[in-house]
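Right, one structure below, let's go through it.
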Amino acid sequence: MSLQSALERLATYRANNTRASQDIFRDGLLVLQKSGFKKLGDDGKPFRWTSLEQLVLASIDVGRLDVADQCLQLIADKFPNSPRIDCLIGIRMEATEPPETALKYYADILDADSANVAIWKRRISVLRRTGKVEKAVNELMQLLDTFYTDVEGWLELADIYASCNQYDHSLQALSHVLLLTPQNPFYVLQAAETAYTSEDFYLAIKMFLTVVDMTDADDSEQLLQESTPLGITVRAWFGVKLCARRIAQNENLKSSSNTSAPKNLELLDELATERLRVAYSSSGEKGEIAKGRQEVFAWVATPLA
Amino acid sequence: MVSYSLSENAYIKIFFHAAKHPHLPVNGVLLGRQASDVVVIEDIIPLLHHWTSLSPMMEIGLDLAKGHAEAQEMTLVGYYQASERLDDTALAPVGERVAQKIRDQFNDAVAFVIDGDKLGTGDPALLSRIHHGINILVGQTDSPSRAITLVRDHNLHEKFGDFDDHLEDVTIDWLRNNACRVESSET
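Residue numbers (this note's numbering), protein chains in the order written: chain E, 1 to 305; chain P, 306 to 492.
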């Protein structure tokens, strides 16, 4: 395992904001032990410090507070009085101190600077994990009132509502996410699944189909029948099929979003069935067969109603 | 009074599922058979680690798991979940619904919650959430320690895949997880 490959992996994780703490810790520790961070230098490219920050977070996540403290000290020495460091210190505090201590620390910072979003979010997350959900929601809504374009905030709100069975509110939060980032199919998928859970099947099927539309490979040259659904598209087709079944079984459905019923339900069901069968029949990207094929074929073969 | 026996394989798989996603809630179903007063939980099928409060993929996963169980001449006998927080050992609302669905088809269905505090110890880390004070026999007495070793020293849990993983890549063997099956230490 070379220093270079470790640094590249760390950069990829940073770019994707992935929480693969075990892997990051492994790679980061290697770099630290080989004094790799020093060699990065700090003129022009700030990778040295963002990588150290990344290692601090990963170390706390895997419970290696010794490494976290070591790196935190390096960063703090370089950047005294930095709000970003304040946030790291807060997270480090949350790892070992009682929640009240962290909350007091955050309250003091917010008193001096009420627009410190990072610290505000830390406070909200502590409130949530200590069970003070209502307070967390209120604060989060205040934050979003001030910083409307904070997609992460809207996603967190949607998640909190969903975990409390308030699916309509969750969907409302997601609608802001979709306004702010309309190109992201994962958010449409989340909204589709939330709509399904709140029993708005007309809206759900429409959104699942939107996901298919957004993610199916560029079919301008190929006929739809020749392409194999992969990844998120498979999940979306499963959703379409499930919704079709629910809609067919229930004559008196109401849509809380006033979405109209889909036309040609049987055709949609047929298409979804065919797409799923293709997904499970071909050898995909890796040349391997899909697993659990029999169970899926049996499931899609069950008639609509 | 019905008692429950959990095979070593089943325990280790639940452990792997929780270990693979330490900062997320995970859930799945238990498969087994009933022989007079004992429900033997022989295997598990892992379901979700993503959007665990949302139902569509859970419903599909349950249906597919049921189909698989029946093909193996087993039944869905229960549900398990692990929360991302150590102090959260209540059954989530979604869990209640799933457990109820399973109980509709199998009277003696059981629901387990993983006890996050006990995961790193050599004690079985499961709490029952339907019948209090029931007898659960977990594999061999060293099954919990074996699970820890397999994760810590062999990273075997990284080969584990659930329904969420399968939906991203249909070549992942979520129903069987054969790569994570261990030789029973029973003679």
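Glycine residues also receive a C-beta, built at the ideal position from the N, C-alpha and C atoms. Note that this is a predicted model, so its numbers are computed, not measured.
Item to check | Nearest-angstrom Cα separation, counted from E/VAL56 out to E/GLN294 | outcome: 46 Å
Next on the checklist: Less than 8 Å between the beta carbons of E/LEU144 and E/GLY131, yes or no?
Outcome noted: no
Checklist entry - Along the chain, which unbroken stretches of the alpha helix (DSSP H) at least 4 residues long are found entirely within the region 117-160 of chain E? => result 117-129 and 133-146
Checklist entry - Pick from E/LEU3, E/GLU53, E/LEU32 and E/LEU29: whose alpha carbon is nearest that of E/ASN17? => result E/GLU53
Item to check | Where P/SER341 falls, given that 16 or more other Cβ within 10 Å makes a residue buried | outcome: exposed
Next on the checklist: With a threshold of 8 Å between beta-carbons, can E/LEU180 be considered close to chain P, or not?
Outcome noted: no
Next on the checklist: Less than 8 Å between the C-beta atoms of E/ARG128 and E/ILE160, yes or no?
Outcome noted: yes
Checklist entry - Does any residue of chain E bring its CB to less than 8 Å from the CB of P/LEU502? => result Given a span of 306 to 492 for chain P in the structure shown, any question on residue 502 of chain P remains unanswerable.
Item to check | Bridge partner(s) assigned by DSSP for E/TYR167 | outcome: E/TYR167 pairs with nothing; no bridge assigned.
Next on the checklist: Distance cutoff 8 Å, beta carbons only. Does E/GLY44 sit that close to anything in chain P?
Outcome noted: With a pLDDT of 42 at E/GLY44, under the threshold of 50, the predicted position of this residue should be treated as unreliable, and no value is reported.
Next on the checklist: Checking the sheet assignment: what are the DSSP bridge partners for E/GLN183?
Outcome noted: None, per the DSSP bridge assignment.
Item to check | Where P/GLU401 meets chain E, residues with beta-carbon distance less than 7 Å | outcome: Here the premise fails: no neighbours, minimum Cβ distance about 10 Å.
Checklist entry - Between the C-alpha atoms of E/ILE85 and E/ARG122, what's the straight-line distance to the nearest angstrom? => result 13 Å
Item to check | Closer than 8 Å to chain P by CB, E/LYS254 | outcome: no
Checklist entry - Between which two residues does the alpha helix (DSSP H) carrying E/PHE25 extend? => result 21-33
Checklist entry - Helix, strand or coil for P/LEU369 per DSSP? => result helix
Checklist entry - Helix or strand or just coil, what does DSSP make of E/THR96? => result helix
Checklist entry - Would you call the region 260-274 of chain E and the region 199-218 of chain E in contact, with 3 or more CB pairs under 8 Å? => result yes
Checklist entry - Of all the CB atoms in chain P, is at least one closer than 8 Å to the CB of E/LEU242? => result yes
Checklist entry - In three-state DSSP terms, what is E/ILE205? => result helix
Checklist entry - In its own chain, which residues sit with a C-beta less than 6 Å from the C-beta of E/ASP43, not counting the 5 before and 5 after it? => result For E/ASP43, the pLDDT reaches just 49, beneath the cut-off of 50, and the residue's location in the model is therefore unreliable, leaving the point undetermined.
Checklist entry - Ordered along the chain, which non-local residues of its own chain (more than five positions away) have a Cβ less than 7 Å from that of E/PHE37? => result VAL31, ARG48, SER51 and LEU52
Next on the checklist: If the cut-off is 9 Å on Cβ atoms, which residues from the region 346-361 of chain P count as contacting chain E, listed in chain order?
Outcome noted: TRP356, THR357, SER358, LEU359, SER360 and PRO361
Next on the checklist: Between P/THR454 and chain E, is the shortest Cβ-Cβ distance under 8 Å, so that the two count as touching?
Outcome noted: no
Next on the checklist: In the DSSP assignment, the beta strand (DSSP E) including P/THR380 goes from what residue to what residue?
Outcome noted: 380-387
Item to check | Three-way DSSP call (helix, strand, coil) for P/PHE465 in this model | outcome: coil
Checklist entry - Just curious, the beta strand (DSSP E) that E/LEU55 is in, first and last residue? => result That residue, E/LEU55, is in no beta strand (DSSP E); its alpha helix (DSSP H) goes 47-62.
Item to check | Outcome for E/TRP287 when other beta-carbon atoms lying within 10 angstroms are tallied against a minimum of 16 | outcome: Reading off the sequence, residue 287 of chain E comes out as Gly, not Trp. Classification for E/GLY287: exposed.
Item to check | Contact list for P/HIS326 against chain E, beta-carbon separation under 8 Å | outcome: Per Cβ cutoff of 8 Å: no residues; P/HIS326 is ~10 Å from chain E at best.
Next on the checklist: Please list the terminal residues of the continuous beta strand (DSSP E) segment that includes P/ILE441.
Outcome noted: 441-443
Checklist entry - Since P/LEU391 and P/ALA416 are thought to touch, with beta carbons under 8 Å apart, how far apart are those beta carbons, to the nearest angstrom? => result At roughly 19 Å, the Cβ-Cβ gap does not stay under 8 Å, so P/LEU391 and P/ALA416 are not in contact.
Next on the checklist: What does the Cβ neighbour count give for E/ASP77, buried or exposed, with the cut at 16 atoms within 10 Å?
Outcome noted: exposed
Checklist entry - If you run the structure through DSSP and keep just helix, strand and coil, what is P/ILE350? => result strand
Item to check | Beta-carbon proximity list for P/LEU424, same chain, < 6 Å, skipping 5 on both sides | outcome: ALA430
Next on the checklist: Suppose contacts are defined by Cβ-Cβ distances below 8 Å. Is E/SER198 in contact with E/TYR167 by that definition?
Outcome noted: yes
Item to check | Neighbourhood of E/PHE25 by C-beta, 8 Å cutoff - its chain only, sequence neighbours within 5 removed | outcome: LEU55, ALA58, SER59, ASP61, VAL62, ARG64 and VAL67
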